[in-house]
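*Asks:*
8 protein chains.
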Amino acid sequence: MDARRLKRLLASVQRGEVSLEAALGQLKVLPFEDIGAAKVDHHRALRKGFAEVVLCQGKTPEQVGLVFKALARGSQTVLGTRATREAYEQVISQGVKADYRELARAIVANPPKTRPRLGPVLVITAGTGDQGVAEEAVLTAELMGAKVERLYDVGVAGIHRLLAHRDLVEKAKVLIVVAGMEGALPSVVGGLVGKPIIGLPTSVGYGASLGGIAPLLTMLNSCAPNVSVVNIDNGFGAGFVAGLIARK
Amino acid sequence: MDARRLKRLLASVQRGEVSLEAALGQLKVLPFEDIGAAKVDHHRALRKGFAEVVLCQGKTPEQVGLVFKALARGSQTVLGTRATREAYEQVISQGVKADYRELARAIVANPPKTRPRLGPVLVITAGTGDQGVAEEAVLTAELMGAKVERLYDVGVAGIHRLLAHRDLVEKAKVLIVVAGMEGALPSVVGGLVGKPIIGLPTSVGYGASLGGIAPLLTMLNSCAPNVSVVNIDNGFGAGFVAGLIARK
Amino acid sequence: MDARRLKRLLASVQRGEVSLEAALGQLKVLPFEDIGAAKVDHHRALRKGFAEVVLCQGKTPEQVGLVFKALARGSQTVLGTRATREAYEQVISQGVKADYRELARAIVANPPKTRPRLGPVLVITAGTGDQGVAEEAVLTAELMGAKVERLYDVGVAGIHRLLAHRDLVEKAKVLIVVAGMEGALPSVVGGLVGKPIIGLPTSVGYGASLGGIAPLLTMLNSCAPNVSVVNIDNGFGAGFVAGLIARK
Amino acid sequence: MDARRLKRLLASVQRGEVSLEAALGQLKVLPFEDIGAAKVDHHRALRKGFAEVVLCQGKTPEQVGLVFKALARGSQTVLGTRATREAYEQVISQGVKADYRELARAIVANPPKTRPRLGPVLVITAGTGDQGVAEEAVLTAELMGAKVERLYDVGVAGIHRLLAHRDLVEKAKVLIVVAGMEGALPSVVGGLVGKPIIGLPTSVGYGASLGGIAPLLTMLNSCAPNVSVVNIDNGFGAGFVAGLIARK
Amino acid sequence: MDARRLKRLLASVQRGEVSLEAALGQLKVLPFEDIGAAKVDHHRALRKGFAEVVLCQGKTPEQVGLVFKALARGSQTVLGTRATREAYEQVISQGVKADYRELARAIVANPPKTRPRLGPVLVITAGTGDQGVAEEAVLTAELMGAKVERLYDVGVAGIHRLLAHRDLVEKAKVLIVVAGMEGALPSVVGGLVGKPIIGLPTSVGYGASLGGIAPLLTMLNSCAPNVSVVNIDNGFGAGFVAGLIARK
Amino acid sequence: MDARRLKRLLASVQRGEVSLEAALGQLKVLPFEDIGAAKVDHHRALRKGFAEVVLCQGKTPEQVGLVFKALARGSQTVLGTRATREAYEQVISQGVKADYRELARAIVANPPKTRPRLGPVLVITAGTGDQGVAEEAVLTAELMGAKVERLYDVGVAGIHRLLAHRDLVEKAKVLIVVAGMEGALPSVVGGLVGKPIIGLPTSVGYGASLGGIAPLLTMLNSCAPNVSVVNIDNGFGAGFVAGLIARK
Amino acid sequence: MDARRLKRLLASVQRGEVSLEAALGQLKVLPFEDIGAAKVDHHRALRKGFAEVVLCQGKTPEQVGLVFKALARGSQTVLGTRATREAYEQVISQGVKADYRELARAIVANPPKTRPRLGPVLVITAGTGDQGVAEEAVLTAELMGAKVERLYDVGVAGIHRLLAHRDLVEKAKVLIVVAGMEGALPSVVGGLVGKPIIGLPTSVGYGASLGGIAPLLTMLNSCAPNVSVVNIDNGFGAGFVAGLIARK
Amino acid sequence: MDARRLKRLLASVQRGEVSLEAALGQLKVLPFEDIGAAKVDHHRALRKGFAEVVLCQGKTPEQVGLVFKALARGSQTVLGTRATREAYEQVISQGVKADYRELARAIVANPPKTRPRLGPVLVITAGTGDQGVAEEAVLTAELMGAKVERLYDVGVAGIHRLLAHRDLVEKAKVLIVVAGMEGALPSVVGGLVGKPIIGLPTSVGYGASLGGIAPLLTMLNSCAPNVSVVNIDNGFGAGFVAGLIARK
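Protein chains in written order, with my numbering: chain A, 1 to 248; chain B, 1001 to 1248; chain C, 2001 to 2248; chain D, 3001 to 3248; chain E, 4001 to 4248; chain F, 5001 to 5248; chain G, 6001 to 6248; chain H, 7001 to 7248.
1. Is residue 7167 (chain H) helix, strand or coil when you go by DSSP?
2. On the three-pair Cβ rule with 8 Å, is the stretch 6233-6240 of chain G touching the stretch 6128-6145 of chain G?
3. Nearest by alpha-carbon distance to residue 2147 (chain C): which of C:2119, C:2160, C:2129 and C:2017 is it?
4. Per DSSP, residue 6228 (chain G) is paired with what?
5. What number of angstroms, rounded off, separates the C-alpha of residue 7243 (chain H) from the C-alpha of residue 4186 (chain E)?
6. If we ignore side chains and look at the alpha-carbon of each, how far apart do residue 157 (chain A) and residue 224 (chain A) end up?
7. Go through its chain and collect everything with a Cβ distance to residue 5082 (chain F)'s Cβ below 6 Å, but skip five positions before and after it.
8. Does the separation of the CB atoms of residue 2177 (chain C) and residue 2199 (chain C) fall below 7 Å?
9. Taking only beta-carbon positions, decide if residue 7041 (chain H) is within less than 7 Å of chain F.
10. Give the residues of chain B in contact with residue 3203 (chain D), contact being defined as C-beta atoms less than 9 Å apart.
11. When DSSP builds the beta bridges, which residues end up paired with residue 3099 (chain D)?
12. Count the other CB atoms within 10 Å of the CB of residue 1203 (chain B); is the residue buried (16 or more) or exposed (fewer)?
13. Would residue 2211 (chain C) count as contacting chain A if we go by Cβ distances under 7 Å?
14. Is the beta carbon of residue 2249 (chain C) sitting closer than 7 Å to the one on residue 2078 (chain C)?
15. In whole angstroms, what is the alpha-carbon distance linking residue 1125 (chain B) and residue 76 (chain A)?
16. Counting only C-beta atoms, is residue 6191 (chain G) closer than 7 Å to chain H at any point?
17. Closer than 7 Å, CB to CB, is residue 7148 (chain H) near chain F or not?
18. When you compare only the Cα positions, how much space is there between residue 7099 (chain H) and residue 167 (chain A)?
19. Leaving out the 5 sequence neighbours to the left and right, which residues in its chain are closer than 6 Å to residue 2121 (chain C) when beta-carbon positions are compared?
20. With 7 Å as the C-beta to C-beta threshold (strictly closer), list the residues of the stretch 1115-1135 of chain B near chain D in chain order.
21. Hey, how far is the Cα of residue 4190 (chain E) from the Cα of residue 4181 (chain E)?
22. If you follow the beta strand (DSSP E) that residue 6175 (chain G) is in, where does it begin and where does it stop?
23. Going along the chain, which residues of its own chain have a beta-carbon closer than 7 Å to the beta-carbon of residue 4219 (chain E), five neighbours each way excluded?
24. Within this structure, are the beta carbons of residue 7065 (chain H) and residue 7090 (chain H) separated by less than 7 Å?
25. Whose Cβ in chain H lies nearer than 9 Å to the Cβ of residue 5241 (chain F)?
26. Cα-Cα, which of B:1092, B:1143 and B:1103 is closest to residue 1115 (chain B)?
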């Protein structure tokens, strides 16, 4: 489209319909818009098969409803994260067909119809409290086309539960390891496999967990060199990075 | 080997040479050792083509020398990180053939002979002070078989320098973005490409940079969802994760 | 007034009505009151064309109503910041004519009638969540006589959106750059123009954003030397400083 | 130059010497380089009359010497900050004519010949320990063309010393207020004048000053709305911002 | 059970019903499950006389009800910590016989029938606000079979109240010392007796107590070498460790 | 009483009614109780003219009511701090005659009848938000027998308001200086007078005030050597220390 | 002197030698200088019997020597804190008669000749490492005219050592309690006596003592209401405040 | 001794040699001394078989030498922690027979002659850098009479190494688990055994390990309820607590 616009301009110059000076003037302002457009295109290309993403936290249910109405045209997948049920109801009331994933606190409109087949991505959690954040990661990775498997509630204080599922662990191409409190699980998993691991700290805990700072520090200091880390409770980010790696 | 040992035991049971009870007793203690052995093997397999790694910081030059002597037998690649020149000289004096990479503060013995061809990995730095940490990442990724390109000194306050090399940025399969001070570069790069980005904060800066905490927080809060983060100054970790992703 | 009082005292001395000792005694206590008065005057002079400012946070709606009633006499402009709608309703019920700016959470009584023409000041935001704080800055700068332009939602992860509006950026005399999460935008803008930039961090974000500490640190460590910073969510302060600079 | 290059390309298209497709191909890669080039130009324009800046901290004396040799050609002013005397001696030994400002820890080559006449900028310090950082700010503002006055050692615990120099305070167009320990001085000065004030916290102090975090927080929380803040010990940044404001 | 399964497999090999290769294949995956099972057994053995533990915080009352229904079969003791009364009512409505300990915020089903006789454990608190956390510790230690005595409200600012009960202090085998605010009590008690002391910091306090960080730091820095520490408000952990030590 | 008990025991020994061994046995356990009793007496002596103090925060209104009923017997003054109106109503409903001081959030039963005449103590505040904490300090100092004067709303950004009341400042024997946000006021006051100053930081502020940590750090780093500091919002402590000093 | 100058001016007005307007003009600028002068006088009065104080840290030995030479004229006492022996030698070499107090790291010139008789002030330390800071406090209080007694090495883990010296504790008028590590001693002492206590935290300790932050927090959170606190290692401040209180 | 003194006093009363009043007077001051003495006795009893402990850090080699000379009389064991070789040499030069344990940085004079037989205590380390701190713990526990076993270098990223030594783990009565960096090992070990575990964080690591704060937080947040924690690098404390538990 932008390429077409550029081509049209050049053709006009070629045909003598537009003067050199006028073309120059247009080109001086155009490139940035072109970059913009190109970036958007590229951006979209890069996210092919993926959704527009709406961070619902900090928006009123009404705003979420309107944003979904605007974005969910055609078959464009739209993912709303950190969404309340109230926001979901506003989306529905705007005539948008969408599902609400309770645990993941997510709204999904127009999910892709092709079955996910990249990866697989394995999402491991330490405790039951980490499940919501984990499900946000699962959903995001699935929307990016990855097949996702779950291995939940295998915290380090019961390491045998993890060891009992080594097959799952070993066949994954990339792993997301979710943990609050002491956040030690990514290190243990990182020692078991030679795959990239996304450490996803959660705010589960109390006192000296400092709202997730403790597991975040733990993961950053991991002695397993295959661990990189995302923000506290950032299930979307972890799922996105895992989806990108699985895609390769 | 362990499989062989297991097989031998089973064969003895089959032949009636070992009683059920005795075999049971041996198996009760064996598995862990087996796992250990298996893990080591697997571990090694997983790191095939990669080096044994020695963190030299916190060891005396003499200790580094002895560790290298022990590990650098045959053609095993050995990488020593955070190494002083004194440590390197001890390695040499132990009769080990090794190079010292000044900038990366690394010792390498028996580097692999095959040319790196995975990736490419692109390592971008914000400022000149970030170069040492970046070179540690470059070296690590190369030892893992990745072809690495450099794009140095393209900080966010001169964003045009980054934009002028978009071809490099776009052809990379995975990127390591190194920055101290405000640590904003990974977000900017993350907005330009749809590839996994490893944010590598450095302790370059003063005052409110808090020894690297400031850029670390910046990267963790990145609004670009394709950024995951490693510890401050952890060039080895960034290079290792990038190498793993490139390998796929 | 104070000058008059001083003059009267001196005249009494001149006329011999007041002894040297008595005058000396009075002068020993007088000066501070004079300074006080002078300061107040000066203070007012300095803020000429600007509003009395009421921080409504921490006051009950009733208190806000009474304060506005006391201050909004004559044509004196009064600005109430961090104000709830309830506080506004109390102001109205006190018979004060005032507007409520929903987004900026501000009450304004007796806005100046002259059109703002200083500046222009450009207010840039990284994300939609930063808009409320930005609007507080816009309103403050406008009340100080500055013409304000907005460039919203141009975060660093989509740098092309910023580059597409370089004309706006370049014609500004001073810029306020508002960002939460990683807070990297002021550095990028700071690299594009040679004008003073007020970095305004917001508490938008979660986890490792630490309630705005992360973007605050980012801005303080900015590698762009034209960035100075105000407190988290301090839209009023940013607007005030920008208004002062524009005024010159 | 870039405009010329663009024009040449368009002319070639007009003349039919370059096909539409080829021109399109060139334009697709050209703009970014153009932006880059334009940015550099603009950048330089924006800093006209100012120096190239070299952060010497973290560079060896030899590196500083070579960088100065490369930059100090013709009459280009070069400012080296956080420089040791050893670095200065290397600069000299490279044949560069330069001065060393002991207190400011700065090297200056080719200082501008015109007398500074913008401003004036007033630099106020709380204690004698803040002087070095203050002098870095003074030097930077002077190199930007500002006339700078000093009012040193007027900490808040002796407020009368400040009040005794109100004339200096009131005639300044912009003020830099430097303080370590409790960092309260910018608030006091901010209450005296209606001019922009740059708060410059220093690492002077011990214990709970936390290396300058205490005065930094004090300044960020200033109840005087005309105070904005730069990083701890960042004399260069404070001088630069003050110079920009004075320039208007 | 697992041992039986292993034995069956070995017997099949012995009888020639299972080939060496097949047995090897099974054993390769089996051991971990065995470990798992063994661990569970061992785990249970280790906790003999103790309860299943449910952290109720972060679970809905309904979830707590269902978890208790599942766990409280037979005579298995179940302890629910950080439980609201609402959660307790759901437990009851599921037909589970259980008590609610208001102060300890705990639900207990099937408490052991044998009288606690290990220890004794002495639980000391500094202030009245620490009582809830202390009671959680008391209950936990009692469920583990320890006899527990209480010495409440003997803060360091009234050291005589502590000294007046030295008999209680001296006959304890292990002590839990609970304190918020400045958290100094464990050090004082630690100087009085030669027994292991568990420091249990609480979030009681305000301002610079930082939600319990202050007493936590105090206890970690204790000059009494017999003090070890658990997380803020972690009554369960303190009671568990004390119970383990008493058990010896 | 305890002295009497001791004496009785000794008399029994003297009369031969109690054997040496038996007396020894009693004395071995007695002393601590004696110390306890003596301490309590002394304690009370030391606080003569002062109130029993109840920290109401963290207690239910019913508990506060009962505690007051127990303590407010005879003419004993009782002070309840951080008390809600609900707690006050419970105190009343228990038949205790008491007043509620709204601003100070305090309940007072049986205030002393003698007029305060020690001191005077001067309580200075920086802003209107600091008034509640200041009033807690005022009330406490008054209950200890000190005459208290107020100088409110004289923050450092309007230093002339403070200077205009130097007479008040100079006649005080001890000063409490209350400030939130940047907390600079104690330093300024400390430079004006040579009396002990209690710095009382408050949690008034937002963002980088970190709930009062910023003014706390400011006061601890004060360059005025006559400033000592109490906890954030600890009006009671400041009033108590000031009362002790005034008492001398 | 200033009073004389004022009187002269008034006399000139009285004699008609100076016009009303001229006198008014002079008075407009005079007062601040007067205040300044008055403040200095008052300041000096307030410190009568006390020393000029020089913070030697951050000054070169040469600078310290010169400052002492300038200040130690006549019989003016001069106290140099945080002084090295090198600085002391420079003071001597400038011809100033002075002593060096090794432990207190202090230089004293012209100590007062009258015997200290205010107070007494009692300085208590928790451990041997706190002695240097304590001695700085002792020296300061003595220079202010207070009789100082020492009670060293009576940490809370050996509370009996403190109790054995209750006579010393009870006869003090004001106490300085010095402690590093957990910093609990001021609370314990605060519970024993009804006198003002200055808590003086030190940086003695390691790990979680965070350079003195841990004992600082402990003291700020003290449940003993008679404790106020100064900065970490601030022996001078503690001695100064104690001296002021003793002086009353 | 004290009991004897008490008895003598009582006998004098009985014999009429001491009046009631005089005895009362003596008893009023005696008890504290008695407590003191009793405490010391008890203290010593409690530590029977254990050493006097000298923290050498912060003392000069000469001071360490003198302290050892004073304490190491007779057969009293003396342990000097955090001791340099220089300090050791001073001890020797004072004529004290002592050993220097290089790794543990400890000096031991008069070690007990009986073979340790309590426990066993198992000391586990995560990495080679943790060895020094671990050896301090080993030595302390041994001096208290415990048999100590070592299991070094079994970090969580190679969990199989730990699992391979389950026999050692299971036969221990109490375990010390030493780890820096992410500090996850105590949680993993805590899940394997039902014994008390002392978590001992070390300052091994860099960047976000924050000098040991990261592993400290990890251990405090451990999901294994049998873990309690001591200060960073506090090998002595960990060994002491373990020794006390083993002793039971």
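Note that the Cβ used here is the ideal one computed from N, Cα and C, for glycine as well.
It should be emphasised that the depicted structure is a prediction, and the values quoted were computed from it without experimental measurement.
*Replies:* Looking at the atomic coordinates:
1. Position 167 of the eighth sequence holds residue 7167 (chain H). Residue 7167 (chain H) falls in the helix class under three-state DSSP.
2. The answer is yes - the stretch 6128-6145 of chain G touches the stretch 6233-6240 of chain G, with three or more Cβ pairs under 8 Å.
3. Position 147 of the third sequence, counted from the start, is the residue given in the question as residue 2147 (chain C). Nearest C-alpha to residue 2147 (chain C): C:2119.
4. The residue labelled residue 6228 (chain G) in the question sits at position 228 within the seventh sequence. The partner list for residue 6228 (chain G) (beta bridge, DSSP) reads G:6198.
5. Here residue 7243 (chain H) is taken as the residue at index 243 of the eighth sequence, counted from 1. Here residue 4186 (chain E) is taken as the residue at index 186 of the fifth sequence, counted from 1. Spanning the two alpha carbons is a distance of roughly 18 Å.
6. As a working note, residue 157 (chain A) is residue 157 in the first sequence. As a working note, residue 224 (chain A) is residue 224 in the first sequence. Distance between residue 157 (chain A) and residue 224 (chain A), taken at the CA atoms: about 18 Å.
7. The residue given as residue 5082 (chain F) occupies position 82 in the sixth sequence. Excluding sequence neighbours, residue 5082 (chain F) sits near 5056, 5057 and 5105.
8. For the purposes of this step, residue 2177 (chain C) is identified with residue 177 of the third sequence, where counting begins at 1. For the purposes of this step, residue 2199 (chain C) is identified with residue 199 of the third sequence, where counting begins at 1. Yes; because the gap between Cβ atoms is below 7 Å, this pair is in contact.
9. Position 41 of the eighth sequence, counting from 1, holds the residue named residue 7041 (chain H). Only weak support is given to the placement of residue 7041 (chain H): the predicted model assigns it a pLDDT of 29, under 50, and the value that follows is read from those uncertain coordinates. Judged by the 7 Å Cβ criterion, residue 7041 (chain H) is not in contact with chain F.
10. Position 203 of the fourth sequence, counted from the first residue, corresponds to residue 3203 (chain D). Per Cβ cutoff of 9 Å: 1206 and 1207.
11. Against the fourth sequence, residue 3099 (chain D) aligns to sequence position 99. Residue 3099 (chain D) pairs with D:3108.
12. Position 203 of the second sequence holds residue 1203 (chain B). Burial call: buried.
13. Counting from one through the third sequence, the residue named residue 2211 (chain C) turns up at place 211. For residue 2211 (chain C), the answer is no, since every Cβ of chain A falls outside 7 Å of its Cβ.
14. This structure does not reach residue 2249 (chain C), given that chain C is present from 2001 up to 2248, and the question cannot be answered.
15. Within the second sequence, the letter at position 125 stands for residue 1125 (chain B). Within the first sequence, the letter at position 76 stands for residue 76 (chain A). Going from the Cα of residue 1125 (chain B) to the Cα of residue 76 (chain A) covers about 36 Å.
16. The count along the seventh sequence starts at 1 and reaches residue 6191 (chain G) at position 191. So no, residue 6191 (chain G) is outside the interface.
17. Counted from its first residue, the eighth sequence places residue 7148 (chain H) at position 148. No, because no Cβ of chain F sits closer than 7 Å to the Cβ of residue 7148 (chain H).
18. Start at 1 with the first residue of the eighth sequence, and residue 7099 (chain H) comes out as number 99. Start at 1 with the first residue of the first sequence, and residue 167 (chain A) comes out as number 167. The alpha-carbon atoms of residue 7099 (chain H) and residue 167 (chain A) are separated by roughly 52 Å.
19. Taking the first residue of the third sequence as position 1, residue 2121 (chain C) is located at position 121. Cβ neighbours of residue 2121 (chain C) within its own chain (closer than 6 Å, five residues either side excluded): 2141, 2146, 2148, 2174, 2242 and 2246.
20. So the list reads 1129, given in the order they occur along the chain.
21. Along the fifth sequence, one-based indexing puts residue 4190 (chain E) at 190. Along the fifth sequence, one-based indexing puts residue 4181 (chain E) at 181. Straight through space, the alpha carbons of residue 4181 (chain E) and residue 4190 (chain E) are spaced by roughly 18 Å.
22. Translated into the one-based positions of the seventh sequence, residue 6175 (chain G) becomes position 175. Run containing residue 6175 (chain G): 6174-6179, per the beta strand (DSSP E) assignment.
23. Here residue 4219 (chain E) is taken as the residue at index 219 of the fifth sequence, counted from 1. Shown here for residue 4219 (chain E): same chain residues with a beta carbon closer than 7 Å to its own, the five before and five after excluded, namely 4183, 4186, 4199, 4201, 4227 and 4229 in chain order.
24. Taking the first residue of the eighth sequence as 1, we reach residue 7065 (chain H) at position 65. Taking the first residue of the eighth sequence as 1, we reach residue 7090 (chain H) at position 90. Yes, the Cβ-Cβ distance between residue 7065 (chain H) and residue 7090 (chain H) is below 7 Å.
25. Here the question's residue 5241 (chain F) lines up with position 241 in the sixth sequence. By Cβ distance, chain H contributes nothing, its closest Cβ being about 27 Å from residue 5241 (chain F), past 9 Å.
26. As a working note, residue 1115 (chain B) is residue 115 in the second sequence. That would be B:1143, whose Cα lies nearest to the Cα of residue 1115 (chain B).
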